[in-house]
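J.:
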Amino acid sequence: MRNRLLMAVLFTPIFIILIFWGGIPFFFLVAAIALTGLLEFYRMIETKEIKPLIFLGLLMAIGWLLAISVPQAFSLVIAASVMVLLVYQMRRNDLSRAITNCAMTIFGLFYVVGLLGHLLVLRNLEGGRSLVFTVWFITWMGDSGAFTIGKSWGKHKLLPRISPKKTVEGVIGGIGSAILAAFVAYITLRVIFKSEPFPISHAFFLGLILGVVGILGDLSESLFKRKAKVKDSGESIPGHGGVLDTFDSLLFTVPVMYYYAKFILHR
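Next up, the structure:
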């Protein structure tokens with residue numbers, strides 16, 4: 069718990085500064101998180117039967133991140149990634165797991181880089197820095213609320229076969245914290261930064277939907293960890309485990325925030 073708090077105190081200011089700075093520094097932040105998370109995912113799912121093409125996957129991830137802000141280029145990069153993987157497999161002697169290896173390599177790209185890469189396109193929208201801050205703050209508060217309340221008062225297991233420690237009480241606490249965080253984010257951005265990320269009338273619904281989606285993101289990563297029989301995705305962040313353990317909820321909340329801003333808020 070002490071390490072968890074220490075890492076939050078150290079990295080939260082840096083994360084906020086880079087969100088508002090934007091540009092190349094923000095790109096490198098997202099790239100570092102995405103590439104580390106992808107590497108953790110590949111190592112987590114790797115078995116005798118599944119051998120994701122780690123080096124190729126990481127190279128392709130860089131291309132995906134560079135192209136994600138340009139729809140036509142992004143489509144081209146995805147198509148090229150599939151073709152390169154298949155051609156590479158043709159050159160290998162052992163073809164028994166070729167389809168599985170290619171499929172899991174591409175899936176990792178979509179799951180980690182494709183979802184988290186929405187941070188870059190969200191930041192490019194009108195009022196993007198406020199939107200990125202909002203989704204990060206709501207997700208972080210939702211996670212913290214679920215962890216604290218679940219640890220203190222959790223009694224009823226949610227889905228023990230996927231995540232033994234998650235409780236119904238923790239889920240309720242996380243959603244409630246996310247709703248509260250939406251109002252706090254609105255007030256903070258409006259008063260301190262003179263920015264309105266969304267109309268105040270959207271705060272409750274936005275907090276609710278991001279709170280629910282964040283929990284689904286957390287459970288999805290737990291599903292992979294359960295299958296891999298590991299407690300954490302890695303050890304890169306003391307007190308939290310791996311990068312995926314820290315940003316699993318954001319994998320789901322960021323795309324939802326992007327499309328909410330695009331089609332509901334008309335940004």
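Following the numbering used here, the numbering of the sequence shown begins with 69 at its first residue and continues without gaps.
Cβ coordinates follow ideal geometry from the N, Cα and C atoms, glycine included.
I'd like to check one pair, Glu108 with Ser301: are the Cβ atoms closer than 8 Å?
T.: Residue numbering aside, residue 301 sits at position 233 when the sequence shown is read from its first letter. Residue numbering aside, residue 108 sits at position 40 when the sequence shown is read from its first letter. Yes, they are a contact pair.
J.: Would you call Val98 buried or exposed, if buried means 16 or more other Cβ atoms sit within 10 Å of its Cβ?
T.: Looking up residue 98 in the sequence shown gives position 30. It counts as buried.
J.: In terms of residues, what are the limits of the beta strand (DSSP E) holding Leu226?
T.: Mapped onto the sequence shown, residue 226 falls at position 158. In the DSSP annotation of this structure, the continuous segment of the beta strand (DSSP E) that includes Leu226 starts and ends at 225 to 227.
J.: Counting along the chain, where does the alpha helix (DSSP H) carrying Pro323 start and finish?
T.: In the sequence shown, counting from the first residue as 1, residue 323 sits at position 255. Where Pro323 is concerned, the enclosing alpha helix (DSSP H) stretches over 311 to 331.
J.: Can you name the start and end residues of the alpha helix (DSSP H) that Ser301 belongs to?
T.: As a working mapping, residue 301 is identified with position 233 in the sequence shown. Unbroken run through Ser301: none, as it is neither H nor E.
J.: Thinking just about the alpha-carbon of each residue, which of Gln157, Lys262, Tyr254, Ile283 is nearest to the one in Ser269?
T.: On the sequence shown, position 201 is the one that residue 269 refers to. Selected option, being the one with the closest Cα: Tyr254.
J.: Grab me the residues of Lys225's own chain with a C-beta within less than 8 Å of its C-beta, minus the 5 sequence neighbours each way, in chain order.
T.: Here residue 225 refers to the residue found at position 157 when the sequence shown is read from its first residue. The answer, listed in chain order, is Pro232, Lys234, Thr235, Val236.
J.: With which residues is Ser263 paired in a DSSP beta bridge?
T.: Here residue 263 refers to the residue found at position 195 when the sequence shown is read from its first residue. Bridge partners of Ser263: none, in fact.
J.: If we count the other Cβ atoms within 10 Å of its Cβ and call it buried at 16 or more, is Pro120 buried or exposed?
T.: The sequence position of residue 120 within the sequence shown is 52, counting from 1. With 16 or more other Cβ atoms within 10 Å, it is buried.
J.: State whether the stretch 197 to 216 contacts the stretch 279 to 294, with contact taken as three or more CB pairs (one from each stretch) at a distance under 8 Å.
T.: yes
J.: Determine the DSSP secondary structure at Thr235, reduced to helix, strand or coil.
T.: Numbered from 1 along the sequence shown, position 167 holds the residue referred to as residue 235. Reduced to three states, the DSSP call for Thr235 is strand.
J.: Compare the Cα-Cα distances from Gly131 to each of Gly182, Ile206, Val322 and report the closest residue.
T.: In the sequence shown, counting from the first residue as 1, residue 131 sits at position 63. Ranking Gly182, Ile206, Val322 by Cα distance to Gly131 puts Gly182 first.
J.: Consult DSSP for Ser143 and reduce its assignment to one of helix, strand or coil.
T.: By one-based count along the sequence shown, residue 143 stands at place 75. Here Ser143 sits in helix by DSSP.
J.: Short of 6 Å in beta carbon distance, which residues of its chain neighbour Tyr327, apart from the five on each side in sequence? Order them along the chain.
T.: For the purposes of this step, residue 327 is identified with residue 259 of the sequence shown, where counting begins at 1. So no residue of the chain qualifies.
J.: Let me check understanding here. Comparing Cα to Cα, which of Leu278, Asp313, Ile277 lies closest to Arg294?
T.: For the purposes of this step, residue 294 is taken as residue 226 along the sequence shown, with counting starting at 1. Check the Cα spacing between Arg294 and each of Leu278, Asp313, Ile277: the tightest is with Asp313.
J.: Give the single residue among Ser290, Met151, Ala329 whose Cα lies nearest to the Cα of Thr173.
T.: Within the sequence shown, residue 173 is the residue found at index 105, counting from 1. Here the closest residue by C-alpha is Met151.
J.: Can you give me the start and stop residues for the alpha helix (DSSP H) that His186 sits inside?
T.: For the purposes of this step, residue 186 is taken as residue 118 along the sequence shown, with counting starting at 1. Element bounds for His186: 186 to 191.
J.: Considering only the alpha carbon of each residue, which of Tyr179, Leu278, Leu153, Leu144 lies closest to Thr202?
T.: By one-based count along the sequence shown, residue 202 stands at place 134. Answer by Cα proximity: Leu278.
J.: Using alpha carbons as the reference points, say which of Trp204, Ala271, Pro323 lies closest to Phe79.
T.: Translated into the one-based positions of the sequence shown, residue 79 becomes position 11. That would be Trp204, whose Cα lies nearest to the Cα of Phe79.
J.: Can you name the start and end residues of the alpha helix (DSSP H) that Thr115 belongs to?
T.: For this step, residue 115 is matched to residue 47 along the sequence shown. Run containing Thr115: none; DSSP gives neither H nor E here.
J.: Straight-line CA distance for Gly222 to Ile240?
T.: To locate residue 222, count along the sequence shown from 1; it is residue 154. To locate residue 240, count along the sequence shown from 1; it is residue 172. Each residue's Cα considered, the two are about 10 Å apart.
J.: Work out the CA separation of Met209 and Met69 for me, nearest whole Å.
T.: The residue labelled residue 69 in the question sits at position 1 within the sequence shown. The residue labelled residue 209 in the question sits at position 141 within the sequence shown. With a pLDDT of 48 at Met69, under the threshold of 50, the modelled position of this residue cannot be trusted; read the value that follows with caution. The straight-line gap from Cα to Cα measures roughly 16 Å.
J.: Report yes or no: do the stretch 84 to 96 and the stretch 165 to 180 share at least 3 C-beta pairs separated by less than 8 Å?
T.: With the cut-off at 8 Å, the stretch 84 to 96 and the stretch 165 to 180 do not touch.
J.: Do you know how far the Cα of Ala100 is from the Cα of Arg229?
T.: On the sequence shown, residue 229 is found 161 positions in, with the first residue counted as 1. On the sequence shown, residue 100 is found 32 positions in, with the first residue counted as 1. The alpha-carbon atoms of Arg229 and Ala100 are separated by roughly 32 Å.
J.: Look up Ser277 in the DSSP assignment and say whether it is helix, strand or coil.
T.: Reading the sequence shown from its first residue, position 209 is the one you call residue 277. With the sequence shown as reference, residue 277 is identified as Ile, and Ser is not the correct amino acid for it. In this structure, Ile277 counts as helix in the three-state DSSP scheme.
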